[in-house]
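Okay, so here's the structure we're looking at.
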Amino acid sequence: MNLVIVESPAKAKTINKYLGPDYKVLASYGHIRDLPSKDGSVLPDDDFAMQWEVDAKATKRLSEIAEEAKKADRVILATDPDREGEAISWHVLEVLNKKKALKDTSVERVTFNAITKSAVLEAMANPRQLDMELVEAYLARRALDYLVGFNLSPVLWRKLPGARSAGRVQSVALRIVVDREMEIERFKPQEYWSVEADLIADSPPFTTRLVKHEGKRVQRLDIVSEAMATAARYAIDSGDFTIKSVEKKPAKRSPSPPFTTSTLQQEAARKLGFTAQRTMQAAQKLYEGVDDTGGLITYMRTDGVYVTPEGIAQAREAIAERFGPAYVPAEPRYYKVKAKNAQEAHEAIRPTNMMRHPDSVHLDADLKRLYELIWKRMIASQMESARMDRTTIEIETPDGQTGLRATGQVVVFDGFIAAYEEGRDERQKGASDEDEDEGGRLPALKEGAKAQVQAIRTDQHFTEPPPRFSEATLVKKLEELGIGRPSTYASILTTLRDREYVRMDKNRFYPEDKGRLVTAFLEQFFGKWVEYDFTAALEDQLDEVSAGELDWKALLRSFWSDFHTATQAAGELRTTAILDHLNEALGAHIFPDKGDGRDPRLCPTCNEGQLSLKTSRYGAFIGCSRYPDCKYTRPVASPDGAEGGESGDRELGVDPVTGKTVQLKIGRFGPYVETEALEEGAKPRRSSLPKGWSPASLDLERALKLLSLPRVVGEHPEDGKPITAGLGRFGPFVAHDGTYANVSDIEEVFDVGLNRAVALLAEKRAGRAARGAAAAPLKELGAHPEDGAAVQVMAGRYGPYVKWNKVNATLPKGTEPDDMTLEVALPLLAAKAGTAPKKKAAAKKPAAKKAATTKAATPKKPAAKKPAAKKAPAKKKAEEA
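Count the sequence shown with our numbering and you get residues 143 to 1023, in order.
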């Protein structure tokens, strides 16, 4: 029997049909092991030894795989054909060896770029050994990411409260967004004028633009004032024009190559509005297949543009059938790319069967739209070039002082454009006039003909800053800089949003203040590690590892020596010194020029102190240097701009019920509303502003609604206890008898009815019950000899443990759940049970009786004593850690 191991159950199901009864295909469900999220998972002092932990969810699946491997004559590792796929195969092999499931079994590695019968059978006929160079490149990348994350993030938490994390590539991507925002803020708009004229020359009217004035060539930004535009208008109006030349040039436009991972993400963002994550999720399903026909596209993580001869032949056949022979070029098109990342330079993304037209497949909306995009791009890449005539007409006065130009383009043969045309990003700085003005069809004109001016237009314009990044343009930028790899872009962009370092507005990235602070901190104290060139060079070194040209441990040693020194130095810095650096780096943003000569850092409340960054457990804020004498605070960036957020404190009016004043205030944790206490000595009522509410637009009516929270919705029909609605730390909610259920919108809190609240709470409780029911044991070990209760291996937050009644004991380090037996578990439970009563006895006297009962079950432990009780909590904490 042959055992085939893949990652995906969908992939396993399809491949099983192709291989027949002599093969059994099982899925690992992706990665089975990872580095635990705690210190010590990578040990630089032990030559970067890595401590892997089997995912609790994978334990049962691995046991099944191991049992089948013991019976198999041959084990075939058939995970995805990239670095991650090679790593998954290596992890599976390591676990199987540890379980002694292989013995003399033959182990082979196969890869296929498409889940089709022919591709799978060909791969099975050409096995190879595991590529350890790819595995080492994966290990180096994981170690680097771990070392950066687990050494840099704690420095951020201590020195810059509110910061969530830092990452080797994530932080550089954030810097790109922040740098672009700073470029936009520094941008000074430049006035310029366009001058156009409509002419006739024994012909229909055609449009021209000014290209020469007073004998000098005019560029797009050269006319900088209305006076210059008026002078140019006068010169055109009084000029006697002749057509100096009519130049026609044939031109060709060639199609773009088929998709790579990054170009697919970019184009799906432009044309479909998909995020990178949404694109990759849909592509994964298309690759695995959605019915018995197998995979619909080739592997979707690639930076290669190569297409197999079979794929090209299919494309040419489909073109001839759909568009006609004229659209099929005489020779096939072959595309090449200088891919640094050789291990991912596989075939381009294309349909597995080019004759399978998008209209002939039945798919969900997202999958169908993405498949159609991939099909059209591949078809177009093998089609004939588009042919066009480009015409340029020069018109001048006899003295050559004033010149006009008309440009036009006529498509003679549409070629690939009949199937597909690539989307375009926003016009970038430095684009030429020709890029901007391609024009349309022009009338037939003759050289030497007289031209008469019919109309003149002068329009004022202002230059615009570079555009903010969209997902498509940020992915393109990362690719251009050589930062990250195709398979990582979606997770990088998702992490930036999840950490709230950036926000998306109209599909554009805006850096949040939290993101600016993190970037400024890293640039000041870890500048080398967020440089674009350094990060790109590190990617090149990882590629050298995968090519067998660099030892992965040598790469880690080189990186760690400097990085470790930098983290230690930053950790020893005083917070005040760090804030001084950040005040300087972010000064233009957090203390904007008021435009009237006033000191932007002068405290607006006391007019004596200087404003500066300060930190609290909730993050950074702006405060006065004269604190506590002056208690002025505001958020880092005022929600209302430089003027509106000076203090933000203002009276909103008087509560008509209590007669007390209601105020809006800006504190170090953000804006809030407050009203005076009803009784002397009582605390004033306060409420933070919910997300999305602007302090500038807040009025008395909305403030009173906030201060009315929490409100009673009604009595629960089951027990008569009250249901309340309110606004908490995690947003709006309804609550009943200790259960809190989130409400989707703050407005709903003010009018949510009893039926809706009961339904929300029922859903929350049902979800909690489902989670509790899902906590099935990983392994049943048998009955405990003391009371016959079950002893089980369970999956816990900090790793697997054995459970007996209410006693839980962590598995010894390095012990797999599948290896546990009742004989091994009993001493662990006995030792744990012996420590539990001590803690309870020390806490309160009534627990002593219970402690005696527990000791009877574990006679090896002496009776609890008071000195031991003091140490028990520390021991428990160590075991839990």
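In this text, a Cβ means the ideal position worked out from N, Cα and C, and glycines have one as well.
Nearest to residue i by CA position, among the options, is which residue?
i	options	result
lysine 619	Gly466, Gln407, Tyr429, Asp682	Gln407
glycine 357	Val366, Ala377, Lys159, Met497	Ala377
asparagine 749	Thr221, Cys766, Ser404, Leu168	Cys766
leucine 869	Asp879, Ser830, Arg412, Ala229	Ser830
glutamate 606	Ile326, Leu846, Lys756, Ser248	Ile326
threonine 677	Arg216, Leu623, Ala696	Leu623
threonine 534	Met525, Pro540, Ala548	Ala548
serine 183	Ala591, Phe254, Ala285, Gly172	Ala285
methionine 496	Lys354, Trp517, Asp506	Trp517
aspartate 273	Asp379, Leu638, His233, Ala425	His233
asparagine 268	Glu621, Glu250, Arg283	Glu250
lysine 394	Val552, Glu965, Thr350, Pro942	Val552
isoleucine 207	Ser231, Val337, Asp189	Ser231
lysine 390	Glu536, Glu473, Lys259	Glu536
phenylalanine 705	Asp841, Ser295, Val503, Ala824	Ser295
histidine 723	Ala679, Glu673, Glu665	Glu665
methionine 370	Gln361, Leu680, Trp335, Thr402	Trp335
lysine 155	Glu860, Gly590, Asp433, Tyr643	Asp433
In the DSSP output, what is residue i paired with across the bridge?
i	result
alanine 762	Thr757
valine 196	Arg175
leucine 341	Phe348, Val595
leucine 896	Its beta-bridge partners do not exist; DSSP assigns none.
leucine 1025	As shown, the chain starts at 143 and ends at 1023. That puts residue 1025 outside it, with no answer to give.
glutamine 551	Arg532
methionine 936	Tyr943
leucine 869	Pro874
lysine 390	Thr533
asparagine 950	Lys945
tryptophan 335	Gln602
tyrosine 165	Asn144
asparagine 239	Looking at the DSSP assignment, asparagine 239 forms no beta bridge with any residue, so it has no partner.
Am I right that residue i and residue j are in contact with their C-beta atoms under 8 Å? What's the rounded C-beta distance?
i	j	result
alanine 279	leucine 728	That pair is no contact at about 37 Å.
alanine 904	alanine 867	That pair is no contact at about 16 Å.
leucine 204	valine 237	6 Å
tyrosine 160	valine 252	Wrong, their Cβ atoms sit about 12 Å apart, outside the cutoff.
isoleucine 491	threonine 417	That pair is no contact at about 17 Å.
lysine 807	glutamate 793	No, lysine 807 and glutamate 793 are not in contact; Cβ-Cβ is about 10 Å, not under 8 Å.
threonine 247	valine 217	6 Å
valine 366	arginine 359	15 Å between Cβ atoms; not a contact.
Keeping to the same chain, check which residues put their C-beta closer than 8 Å to that of residue i; ignore five residues upstream and five downstream.
i	result
alanine 708	Phe667, Phe668, Lys670, Trp671
arginine 907	Thr881
valine 595	Ala339, Asp340, Leu341, Ile378, Asp379, Gly381, Phe383
serine 789	Bear in mind that the predicted position of serine 789 carries a pLDDT of just 46, short of 50, making it too unreliable to give a figure here.
isoleucine 174	Val196, Asp197, Ala200, Arg203, Leu204, Ile230, His233, Val234, Val237
lysine 1026	Since the displayed the chain opens at 143 and closes at 1023, residue 1026 lies outside it and no answer follows.
Can you list, in chain order, the residues of its chain whose CB lies under 6 Å from that of residue i, leaving out five sequence neighbours each side?
i	result
alanine 994	Legend: pLDDT at alanine 994 = 37, less than 50; position of this residue unreliable, value from coordinates given subsequently. So no residue of the chain qualifies.
phenylalanine 663	Leu302
threonine 201	Leu920, Pro959
tyrosine 469	Ile461, Met525, Glu526
alanine 256	Gly437, Thr440, Thr494
lysine 991	Any reading at lysine 991 is ruled out, since the residue's pLDDT is 39, under 50, leaving its predicted position unreliable.
isoleucine 157	Val167, Val262
glutamate 538	Lys386, Gly545
lysine 241	Ala208
leucine 923	Val933, Leu964, Ala967
Suppose the cutoff is 7 Å on Cβ atoms and the five residues either side in sequence are ignored; what does the same chain contact list for residue i look like?
i	result
phenylalanine 733	Pro742, Arg743, Leu753
serine 150	Ala169, Glu430
proline 397	Ala522, Ser523, Met525, Phe558
glycine 873	Asn884
isoleucine 634	Val311, Gln312, Ala315, Gly626
alanine 484	Because alanine 484 sits at a pLDDT of 42, beneath the cut-off of 50, its placement in the model cannot be relied upon, and the following sentence gives the value as read from the coordinates. Cβ neighbours of alanine 484 beyond the five flanking positions: Asp685, Ser688, Ala689.
threonine 405	none
| Three CB pairs or more closer than 8 Å across the segment 301–313 and the segment 622–637 | yes
| Can we say the segment 367–384 touches the segment 507–527, given the rule of at least three CB pairs closer than 8 Å? | no
| Quick one: any contact between the segment 793–801 and the segment 838–854, if contact means 3 or more CB pairs under 8 Å? | yes
| Inter-stretch contact (C-beta, 8 Å, three-pair minimum) for the segment 190–199 and the segment 217–226 | no
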